[in-house]
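Q:
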Amino acid sequence: VDLLHELMTFPAMEQLSRFLHVLSLIAHDEGAKTLMTHSYLSMSEHELQERERVASVNAYLEQHFATKVTLADLANYLSLSESAVTRLFQKHFKEPFSQRLMKLRINHAADLLQS
């Protein structure tokens, strides 16, 4: 940990060199304990696709929250059925599309009032 804090005092290229050295020390440490395996890290294609869709939903809503946005618009954008988008919202956001959109609009309005 001290080595990592010390890194911040060096120029960028020296930081990189020293960081790689720290990684090498960690990789070759006989007493190191594995915290996560590769199999745990690997996600299925379906999980990756869902994660990308959720990111697309967030980006779309951020870009269009100020206009009239419907579930059909979002479904068309994602190339999914409306029922598939509804399931996506229930699974990942734990709330319906309309509620998510309303919260986003309220948060943006609150930000505008604060600034």
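Numbering (my numbering), first residue to last: 256 to 370.
Glycine included, each C-beta is placed from N, C-alpha and C at the ideal position.
(1) So, is VAL277 buried or exposed, given that buried needs 16 or more other C-beta atoms within 10 angstroms?
(2) Note the first and the last residue of the continuous alpha helix (DSSP H) segment covering VAL324.
(3) What residues in its chain sit with their C-beta under 7 angstroms from that of ARG273, if we drop five residues either side in the sequence?
(4) Check whether the Cβ atoms of ARG355 and LEU316 lie closer than 9 angstroms to each other.
A: Once the coordinates are examined:
(1) VAL277 should be labelled exposed.
(2) Unbroken run through VAL324: none, as it is neither H nor E.
(3) Counting only Cβ-Cβ distances below 7 angstroms, and skipping sequence neighbours, we find LEU262, PHE265.
(4) One thing to note: ARG355 has its Cβ within 9 angstroms of the Cβ of LEU316.
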